[in-house]
Amino acid sequence: MPALVTTEFRIHNAKQFREMFSEAAQYGGATASAALSTNMYLFIGKSSAWSGSYNDGTTTYAFTDTTQPDPNNTNAPSSDTTANTSYSHWKDMIAAKKVASSDVSHVIARNNWTSGRYYSMYDDTTKFSLLTATQASQPVYTGSANATASLYPMYVMNSTFKVYKCLTNNKTEGGRPQPSTVEPTHTTTSAAAPAAQADGYVWKYMYTISAAESLKFVTSSYIPVKQIRDANSYGQGGTAGGIAVSGAKDDSSDQVTVERNAIDGALDVFVISNDGANYHFENNKAIASGTGTTLIVSATTLTTANAYANSSIYFTYGGASYVRKVASSTYNSGTSQATMTLSATLGVTLSGTMPTCNVGPWPRIDGDGHGQQLVLTANTAGTAAAGSVGGVTVVNSGNSFTTATMTVSTQPGASSPSGAIVTPIVPPKGGHGFDAVSELGGYFAMINTKLTQSESGAFTTSNDFRKIGLLKDPNTNGGFVRYTSDTADQAKVITYSAANEAVTGDITITQAVSGATGYVVDVNATASTMRVIDTTNGSSDTNGYDSKPGSFQTGSAATSGTLSFTVSAVANGAMSIGSGEIIYIENRAPVARAADQTEDIKLIIEF
3 MPALVTTEFR
13 IHNAKQFREM
23 FSEAAQYGGA
33 TASAALSTNM
43 YLFIGKSSAW
53 SGSYNDGTTT
63 YAFTDTTQPD
73 PNNTNAPSSD
83 TTANTSYSHW
93 KDMIAAKKVA
103 SSDVSHVIAR
113 NNWTSGRYYS
123 MYDDTTKFSL
133 LTATQASQPV
143 YTGSANATAS
153 LYPMYVMNST
163 FKVYKCLTNN
173 KTEGGRPQPS
183 TVEPTHTTTS
193 AAAPAAQADG
203 YVWKYMYTIS
213 AAESLKFVTS
223 SYIPVKQIRD
233 ANSYGQGGTA
243 GGIAVSGAKD
253 DSSDQVTVER
263 NAIDGALDVF
273 VISNDGANYH
283 FENNKAIASG
293 TGTTLIVSAT
303 TLTTANAYAN
313 SSIYFTYGGA
323 SYVRKVASST
333 YNSGTSQATM
343 TLSATLGVTL
353 SGTMPTCNVG
363 PWPRIDGDGH
373 GQQLVLTANT
383 AGTAAAGSVG
393 GVTVVNSGNS
403 FTTATMTVST
413 QPGASSPSGA
423 IVTPIVPPKG
433 GHGFDAVSEL
443 GGYFAMINTK
453 LTQSESGAFT
463 TSNDFRKIGL
473 LKDPNTNGGF
483 VRYTSDTADQ
493 AKVITYSAAN
503 EAVTGDITIT
513 QAVSGATGYV
523 VDVNATASTM
533 RVIDTTNGSS
543 DTNGYDSKPG
553 SFQTGSAATS
563 GTLSFTVSAV
573 ANGAMSIGSG
583 EIIYIENRAP
593 VARAADQTED
603 IKLIIEF
């Protein structure tokens, strides 16, 4: 049975992931409780070198610190394909740090604006995955000839970290994009499409990446993207999710203004795939009078009855714009004036200084929205056919369109007008700029966590690690209470005495009496303690420190090579082994740590 996992589903999952870092959980059907909110931890593990191998039936692959195992592979160490895989990650876990909501962001692939590149334009009829990808060998127009070149994603980041979406890429009538040569820099936040740049491109300003966001979430491959209003808050209101002025979500940024001004289903962008010929245009014609549904225009060029039927009349008066369709017309040769009967009343009586008007073919829109006021303008290029359509002036973009087509009306007074094909581009739900995450494909999430030195002693600074993961909602060791501290030292801590030589890290210790083993991460010689991971109980039937057979026994010796010492005490890690959910694993080359060092860890998760 055919089915489709949509891009919206991926973005929904990414949003749910992002939201769980800040949302209070619900219980009992109503009350929000921080006690049940998500606690997510980034953990590090595995101080020992990668080893082992994998045979795919033909070739044997050895695992080393330069060739790490793929956790998706069943036969690889720390694989993530078996039912009890989480226990292997718990065994070599060293420490963990809580991830704050400010450490998580949606991200999209980085796409720097570059002069001379060809960019996709938003098109509601084009597959979304194509709009956000680089497509090789696409038909383009160089400005002088047809060619093929890479077509880059429909959004860019400029040199000052402003992000834009391409609404128009100056396509030729043959549908070939032309190169972008003018960097977008404007910060227009209104709903209307901004003016075209000198290269013909129209860029919608979406948001600016702040300095703080840049430091945390900008990499050579990704940039952050967000929606200011809560994902489930469609309106502006002053509720927790709304973005009303001075509301809970109003952060005074450009982006919140862009979101607030977005118009659902507005028609701002039109593609002319054929400009046609022989339509009738007149500009700057003097209006003699106007009231109700009657407009008298002086010095018109068409003189036959109903010559101006199916035309549009556009003028401004008293600071307002007026667009009306002409239903019929008559001509008075004595005054050289045309009397035009309009399809809708003007709503004003013109007086005083009279305006001038422009005449063109009526652009009929068929769709499910309303309120649009559009004016077609003539193509004035020297190579254009007489009476061809050159553009669309948007006086009012209307709203609520989910589908729309345009028909360029035939004027009886024009000489065989025909051929113009103009296509309205329906915006995404909410309008351009309403939801940057959905509009730009933010189905990636980045977690950026810094490990600052030892994090108050929880993290080793004298050994390396090779594994990074995410742990959701662990419990405190020995119980069923949620662990909520900012950090967790998860290695076992063995207190020792009577060592016959210096104890060091990166050794495997064995206790003969119990058979228990463990891998030493680091040692505090002053306190006579060592942190140990990868512990394994031996075959002894005698209960050890934790009342389990085969575990380390206090008061008994342990060895490693020539080293011998007495195990004085053993303490478990801060979190209960096996609790919570390990939802992400990444195997890496060794990351060495030092006492004065900070690790800036960035995880990218694709949904």
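Be aware that the sequence shown starts at 3, since it is given in our numbering, and climbs by one per residue.
Note that the Cβ used here is the ideal one computed from N, Cα and C, for glycine as well.
Three-way DSSP call (helix, strand, coil) for residue i in this model
| i | result |
| --- | --- |
| L605 | strand |
| N381 | coil |
| S420 | strand |
| A51 | coil |
| A32 | Caution is warranted here: a pLDDT of 48 is assigned to A32, below 50, making its placement in the model unreliable, and the coordinate value is therefore given only provisionally. Residue state, collapsed to three classes: coil. |
| S300 | strand |
| T62 | strand |
| L269 | coil |
| E588 | strand |
| Y316 | strand |
| M3 | coil |
| E583 | strand |
| S570 | strand |
| S275 | strand |
| S103 | helix |
| S139 | strand |
| I46 | strand |
| G373 | strand |
| K206 | strand |
| G415 | coil |
| A198 | coil |
Rounded straight-line distance, which links the Cα of residue j to that of residue i
| i | j | result |
| --- | --- | --- |
| M532 | I509 | 11 Å |
| A32 | L565 | Here A32 scores only 48 on pLDDT, less than 50, and its place in the model is too uncertain to base an answer on. |
| G432 | D266 | 4 Å |
| N398 | N285 | 20 Å |
| Y157 | P430 | 15 Å |
| M95 | V260 | 45 Å |
| G186 | A51 | According to the sequence provided, residue 186 is Pro. The question's Gly does not apply to it. Those two C-alpha atoms are separated by around 49 Å. |
| D491 | M577 | 8 Å |
| S222 | I606 | 13 Å |
| K173 | S402 | 26 Å |
| T385 | D277 | 12 Å |
| Q229 | N114 | 21 Å |
| I298 | N312 | 16 Å |
Selected residue, minimal CA-CA separation from residue i, among the options
| i | options | result |
| --- | --- | --- |
| A422 | A559, A288, A518 and N280 | N280 |
| A102 | F19, R595 and K173 | F19 |
| T412 | K17, L378, W205 and T61 | L378 |
| L344 | F11, K327, I535 and V515 | K327 |
| E588 | S39, F45, I13 and T9 | F45 |
| R119 | S182, D548 and P592 | S182 |
| M408 | V361, P414, A383 and D370 | D370 |
| Q140 | K48, S578, Y154 and T302 | Y154 |
| T544 | T556, I535, T537 and D536 | T556 |
| E457 | G443, T62, V515 and T489 | T489 |
| A301 | G552, G278, G336 and V271 | G336 |
| G444 | D252, A460, L453 and R112 | R112 |
| T451 | G563, S558 and F219 | F219 |
| T466 | T351, P592 and W92 | It should be noted that the sequence gives Asp, not Thr, for residue 466. The candidate whose alpha carbon is nearest that of D466 is P592. |
| D201 | H188, L217, V184 and Y207 | V184 |
First and last residue of the uninterrupted beta strand (DSSP E) at residue i
| i | result |
| --- | --- |
| N401 | V391 to N401 |
| S216 | That residue, S216, is in no beta strand (DSSP E); its alpha helix (DSSP H) goes A213 to F219. |
| R326 | A322 to N334 |
| N285 | E284 to T293 |
| V109 | V106 to A111 |
| A490 | T489 to D491 |
| S131 | From DSSP, S131 is part of no beta strand (DSSP E) but of the alpha helix (DSSP H) over F130 to L133. |
| F446 | F446 to T454 |
| L153 | N148 to Y154 |
| D536 | T531 to T538 |
| S499 | K494 to S499 |
| L344 | Q339 to L344 |
Delimiting residues of the alpha helix (DSSP H) encompassing residue i
| i | result |
| --- | --- |
| D468 | Note that residue 468 is Arg in the sequence shown, not Asp. No alpha helix (DSSP H) holds R468; the beta strand (DSSP E) holding it covers F467 to K474. |
| Y89 | S88 to K93 |
| R20 | T9 to E21 |
| N75 | Run containing N75: none; DSSP gives neither H nor E here. |
| D256 | D256 to N263 |
| V439 | A438 to L442 |
Residue-level contact to chain B via CB, residue i, 8 Å cutoff
| i | result |
| --- | --- |
| V523 | Here there is only one protein chain, and chain B is not present. |
Any non-hydrogen atom of the ligand GTP closer than 7 Å to residue i Cβ
| i | result |
| --- | --- |
| K206 | By its list of ligands, the structure shown contains no ligand whatsoever, and the ligand GTP lies outside what it can speak to. |
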